[in-house]
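Contents: one structure, followed by commentary.
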Amino acid sequence: MRVLLTGSAGFIGSVIARRLEEAGDEVVRVDALLAQAHGDGASLPEGTHRVDVRDAESWPDLLAGVDVVCHQSALVGAGVRVGDLPAYAAHNDLGTAALLAAMHEAGVDRMVLASSMVVYGEGRYACPEHGEVAPGPRPVAALEAGRFENPCPECGAPLDWRTVPEDARLDPRGSYAASKVAQEHYAAAWARQADAAAVALRYHNVYGPGMPKDTPYSGVAAMFRSSLERGESPRVFEDGGQMRDFVHVEDVATANVLAIRAVREADTGSLESYNVCSGEPVSIADVAAMVAEGHGAGIRPEVTGQFRSGDVRHVVASPELAADRLGFRAAVRPADGLARFATDPLR
Numbered sequence: 001m002r003v004l005l006t007g008s009a010g011f012i013g014s015v016i017a018r019r020l021e022e023a024g025d026e027v028v029r030v031d032a033l034l035a036q037a038h039g040d041g042a043s044l045p046e047g048t049h050r051v052d053v054r055d056a057e058s059w060p061d062l063l064a065g066v067d068v069v070c071h072q073s074a075l076v077g078a079g080v081r082v083g084d085l086p087a088y089a090a091h092n093d094l095g096t097a098a099l100l101a102a103m104h105e106a107g108v109d110r111m112v113l114a115s116s117m118v119v120y121g122e123g124r125y126a127c128p129e130h131g132e133v134a135p136g137p138r139p140v141a142a143l144e145a146g147r148f149e150n151p152c153p154e155c156g157a158p159l160d161w162r163t164v165p166e167d168a169r170l171d172p173r174g175s176y177a178a179s180k181v182a183q184e185h186y187a188a189a190w191a192r193q194a195d196a197a198a199v200a201l202r203y204h205n206v207y208g209p210g211m212p213k214d215t216p217y218s219g220v221a222a223m224f225r226s227s228l229e230r231g232e233s234p235r236v237f238e239d240g241g242q243m244r245d246f247v248h249v250e251d252v253a254t255a256n257v258l259a260i261r262a263v264r265e266a267d268t269g270s271l272e273s274y275n276v277c278s279g280e281p282v283s284i285a286d287v288a289a290m291v292a293e294g295h296g297a298g299i300r301p302e303v304t305g306q307f308r309s310g311d312v313r314h315v316v317a318s319p320e321l322a323a324d325r326l327g328f329r330a331a332v333r334p335a336d337g338l339a340r341f342a343t344d345p346l347r
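In terms of UniProt numbering, the sequence shown opens at residue 1 and continues consecutively.
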């Protein structure tokens, strides 16, 4: 099978490329080497085509004979500044639309898209009295007062979090999240209009060797690791009780290989979305503690009470649909992988 892989030099893409080639697939490697992910002056890996994903005219020759496109290229991160909005719209939304149009022209009708759990916004919650409810954005005044948990919008009672299935409503809370929802919508529209098939993999918090360091556009685990390398305490926002799911990059690569196989046999005309997660929820405070313990320098995390107004409190995925439809179950437990991550090499 011939797979065109965008973002092939990136943290996740490089592992997917290796796994596909180990399985005997031919990989057309493509990457734009964005400075946010690779730093300034990064060199192009051997055998990789340097292509701006937004440039539709670059794609025809590369797409010749391709069976599936695995689209990993994206500007990632939490959307640190309002000024990031144009970059997310350009690289993620316009880039995906340009690639889909080029695929249609080239007769390529199968795609696996790297999406994200950020499309959900807040996770799923239940009130003891009112059942499942959807809390709105947390008021800044409540966060300033240290009231971090979401109250029931009906009665104000504390809410319990629940796992989020793929059919949950999409409620992006930041610029990066909005761009990932747009990517899924473009892929769904393309699948219908082009009689094609697409799979969106909603990654939860991915970590592992090769993550970029010392940048707010990286993941929180890498930021904790970078603090430790500087001899500083990892700074944990809020009270550290935020629940998340952390999934190792090798498991993410497994999910992509399975999705690439599955999308070739999928019915056309629709997009299927799957959570890619470990299935073992963990608090942010525990993540910091696991990385600090694995680092071994005796530095303890610091819970600061700081917050970002666009952050959500809890978002934890259900792994069941990916297990049922793709046969995907994560192999690396967070307790093991996060401790190893403390000494993994970073980019």
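Glycine is no exception: its CB is placed at the ideal position from the N, C-alpha and C atoms.
How many angstroms separate the CA atom of Pro234 from the CA atom of Gly305? 13 Å
Identity of the residue in Ala97, Phe307, Val76, Ser115 nearest Arg202 by Cα: Ser115
Determine the burial state of Arg347: buried for a count of at least 16 other Cβ atoms within 10 Å of its Cβ, exposed for fewer. buried
When we look at the beta-carbon of Ser8 and count the other beta-carbons within 10 Å, is it buried (16 or more) or exposed? buried
With contact counted as at least three CB pairs below 8 Å, one residue from each stretch, are the stretch 204-215 and the stretch 8-19 in contact? yes
My output table needs one value for Trp161: the three-state DSSP class, helix, strand or coil. strand
Output yes or no for whether 8 Å exceeds the beta carbon distance between Val276 and His204. yes
Taking the alpha helix (DSSP H) that residue 375 belongs to, which residues open and close that run? Residue 375 lies beyond the range of the chain shown here (1 to 347); nothing can be said about it.
To the nearest angstrom, how far is the alpha carbon of His248 from that of Asp93? 26 Å
N- and C-terminal bounds of the beta strand (DSSP E) containing His49: 48-50
For Ala187 and Ala194, believed in contact at Cβ under 8 Å, the rounded distance: The pair is not a contact, with the Cβ atoms about 10 Å apart (cut-off 8 Å).
So, are the CB atoms of Gln242 and Ser309 less than 8 Å apart? no
Can you have a look at Glu122 and say buried or exposed, based on whether 16 or more other CB atoms are within 10 angstroms of its CB? buried
Extent of the continuous beta strand (DSSP E) run through Tyr207: 205-207
Would you say Pro345 and Ser278 are within 8 Å of each other, going by their C-beta atoms? no
Just how far apart, CA to CA, sit Met117 and Leu4? 24 Å
Three-way DSSP call (helix, strand, coil) for Phe246 in this model: strand
Could you spell out the range, first to last residue, of the beta strand (DSSP E) harbouring Tyr125? 124-127
So, using beta-carbon positions, are Asp171 and Ala126 closer together than 8 Å? no
Expected contact under 8 Å - CB spacing of Ala285 and Val303 to nearest Å: 6 Å
CB contact flag (Ser175, Leu85, <8 Å): yes
If I follow the unbroken alpha helix (DSSP H) through Val287, where does it start and stop? 284-295
Please check the pair Ser270 and Ala157, which I expect to be a contact at CB under 8 Å, by giving their CB distance rounded to whole angstroms. Incorrect: roughly 39 Å between the Cβ atoms, too far for contact.
Please report the Cβ distance between Ala200 and Ser273, rounded to the nearest whole angstrom; I am assuming they are in contact, meaning their Cβ atoms lie under 8 Å. 4 Å
With a 10 Å radius around its C-beta and 16 neighbouring C-beta atoms as the bar for buried, classify Cys155 as buried or exposed. exposed
Just confirm the distance between the C-beta atoms of Ala56 and Leu75, as a whole number of angstroms; I'd bet it's less than 8 Å. With a Cβ gap of about 18 Å, Ala56 and Leu75 do not count as contacting.
Endpoints, the beta strand (DSSP E) within which Leu271 is located: 270-276
Roughly how many angstroms lie between the CA atoms of Ala64 and Asp52, to the nearest whole one? 18 Å
Residues that Leu113 bridges to, as DSSP identifies them: His71, Ala200
Leu33, enclosing beta strand (DSSP E) - first and last residue: It is not in any beta strand (DSSP E) - Leu33 carries neither H nor E in the DSSP assignment.
Helix, strand or coil for Gly298, going by three-state DSSP, please let me know. coil
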